[in-house]
Amino acid sequence: MIHVSLTPIPLRIAALIQERNSLLEYPVERLAGVIQEIGFRCVSCAKCCTRTFNGHVFLLDRDVTTLKALEPSALEPAPGPEFCDQNGIFYVSGYALRTQDDTRGSCWFLDNGRCRIYDRRFTICRIYPYMLHREADEHGDIDWRQFSGLDQHGEYDAEITDDESLDRARETKEFENAFLTQEIQFLEFMQDYFTRHRLRHVQKVYDDRIRRFNRGEEITVMVFYDGNLEPHRIRG
Ligand code: SF4
1048 MIHVSLTPIP
1058 LRIAALIQER
1068 NSLLEYPVER
1078 LAGVIQEIGF
1088 RCVSCAKCCT
1098 RTFNGHVFLL
1108 DRDVTTLKAL
1118 EPSALEPAPG
1128 PEFCDQNGIF
1138 YVSGYALRTQ
1148 DDTRGSCWFL
1158 DNGRCRIYDR
1168 RFTICRIYPY
1178 MLHREADEHG
1188 DIDWRQFSGL
1198 DQHGEYDAEI
1208 TDDESLDRAR
1218 ETKEFENAFL
1228 TQEIQFLEFM
1238 QDYFTRHRLR
1248 HVQKVYDDRI
1258 RRFNRGEEIT
1268 VMVFYDGNLE
1278 PHRIRG
């Protein structure tokens, strides 16, 4: 079941702005310290480039622009659209990387365990496994999350220089800022778009269409990109 927030759009925008403000206040040196403490080194296991390990790879607009020029067939609407209007049209805040049709759901660009566009890989691929967003832990306590998949991939306790850890921390913070900004822009756009076109999110239509999609029917998804919506027909 896809979880859709039923919180009104203005409240969601306000919460994201608050989250972004607290992100901007987060000291980059603190994240750099965590990065040094963990001492993660990639061992090229390629786990993180599969859907079974990481769900989907969400792309910032600037990465979508690169990918549209490079290999547009590698793009797909990000899963879990945020809205569905009364006519059964879905809306999602951006694109994700397509995965291959294998058992692990390997990234489109993964070839024999190697990224075939490694030098041009996307922002999220560059900062991974570092992250900086607020998330509930197993007890429901919300706090900053700084690392993805601890002890499930890579090697630990490597020596990481001050400069390297600060660079990683700055890039991570910059990515999370860009991600939140894109989400805020999407919600602001949708608020205006729904008002102008007399549309509204209808949860019953959403659930019904998703059920039909899961049975193999086609749906229309409008993907937010570069300040506008791009239509896609996708089949479950
Ligand atoms: S683009 Fe490359 S680094 Fe990024 S998920 Fe795909 S295979 Fe991995």
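In this note's numbering, the protein residues as written are 1048 to 1283. Using N, Cα and C, we set each Cβ at its ideal position, and we do this for glycine too.
- When secondary structure is reduced to three states using DSSP, I1171 falls in the helix class.
- Taking 7 Å as the cut-off, one finds at least one heavy atom of the ligand SF4 near enough to the beta carbon of F1156.
- Your pair L1213 and Q1193 does not check out as a contact, with CB atoms roughly 14 Å apart and the cut at 8 Å.
- If you draw a straight line from the Cα of R1109 to the Cα of E1123, it comes to about 15 Å.
- Cβ-Cβ distances below 6 Å link R1151 to T1097, T1099 in the same chain, with the five nearest sequence neighbours on each side left out; the list follows chain order.
- Taking the Cβ of I1207 as the reference point, every heavy atom of the ligand SF4 lies at 7 Å or farther away.
- Taking L1070 as the centre and dropping the five residues before and after it, the same chain places the C-beta of L1179, H1180, K1220, E1223, N1224, L1227 closer than 8 Å to its C-beta, in chain order.
- For S1195, the secondary structure class from DSSP, reduced to helix, strand or coil, is coil.
- When E1076, E1066, E1277, L1106 are compared, the shortest CA-CA separation from D1209 is found for E1076.
- Three or more beta-carbon pairs separated by less than 8 Å are not found between the region 1183-1193 and the region 1234-1253, which leaves the two stretches without contact.
- For the region 1096-1140, the continuous beta strand (DSSP E) assignments of 3+ residues that do not extend past its boundaries occur at 1122-1124, 1137-1139, in sequence order.
- Its chain contains F1100, H1200 as the residues whose beta carbon lies nearer than 6 Å to that of K1094, once the 5 sequence neighbours on both sides are disregarded; these appear in chain order.
- Note that the region 1165-1178 does not touch the region 1055-1073; fewer than 3 beta-carbon pairs, one per stretch, sit closer than 8 Å.
- Distances from the CB of I1164 to the heavy atoms of the ligand SF4 include at least one below 7 Å.
- According to DSSP, residue pairing for S1153 in a beta bridge involves T1097.
- With a cut-off of 7 Å, the C-beta of V1104 is classified as near the ligand SF4, since at least one heavy atom of the ligand falls inside that distance.
- From the listed residues L1053, R1217, L1058, I1136, the smallest Cα separation to E1072 is found for R1217.
- The DSSP-derived three-state label of R1259 is helix.
- With contact defined as three or more Cβ pairs closer than 8 Å, the region 1262-1275 and the region 1120-1138 are in contact.
- Between the alpha carbons of D1166 and A1061 lies a distance of about 37 Å.
- When the beta-carbon positions are compared, V1090 and E1202 come within less than 8 Å of each other.
- Apart from sequence neighbours up to five positions away, the residues of its chain that approach F1233 with a beta-carbon distance below 6 Å are S1140, F1271, ordered along the chain.
- Counting along the chain, P1074 sits inside no beta strand (DSSP E), nor does DSSP assign it H or E at all.
- In the three-state DSSP reduction, R1245 falls in the coil class, being neither helix nor strand.
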